[in-house]
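Those letters in the sequence shown? Residues 930 to 983, per my numbering, in order.
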Amino acid sequence: DAGSNTWSGTITATAGDQFKFRANHDWGLNYGDTGADGSLDLGGDNINLTAGTH
Numbered sequence: 930d931a932g933s934n935t936w937s938g939t940i941t942a943t944a945g946d947q948f949k950f951r952a953n954h955d956w957g958l959n960y961g962d963t964g965a966d967g968s969l970d971l972g973g974d975n976i977n978l979t980a981g982t983h
């Protein structure tokens with residue numbers, strides 16, 4: 930949502946799955962979560978998921 934600068938989506942994960950966000954099909958601009966504090970960090974660590982739909 931460009932108005933609120935919010936990204937959203939729904940994914941189904943299995944235990945141990947991880948993900949990150951990247952822009953323009955290029956890992957040079959990516960966001961993860963260093964420190965597992967719930968905030969995205971430029972170049973941050975992979976985000977760990979629990980099994981289920983998120």
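Positions of the beta carbon are idealized from the N, C-alpha and C atoms, including for glycine.
Quick one: what does DSSP say residue 972 is sitting in, helix, strand or coil? Coil, per DSSP.
By Cβ distance, which residues of its chain are closer than 8 Å to residue 950, with the 5 residues on each side in sequence left out? Within the same chain, and ignoring the five residues on either side of residue 950 in sequence, the residues whose Cβ sits closer than 8 Å to its Cβ are 936, 959, 960, 961 and 969.
The beta strand (DSSP E) spanning residue 978 covers which residue range? Careful: residue 978 lies outside any beta strand (DSSP E) and carries neither H nor E.
For residue 978, which residues of its own chain have a beta-carbon under 6 Å away from its beta-carbon, when the five flanking residues on both sides are left out? Around residue 978: 942 and 946.
In this structure, does DSSP put residue 966 in helix, strand or coil? Coil, per DSSP.
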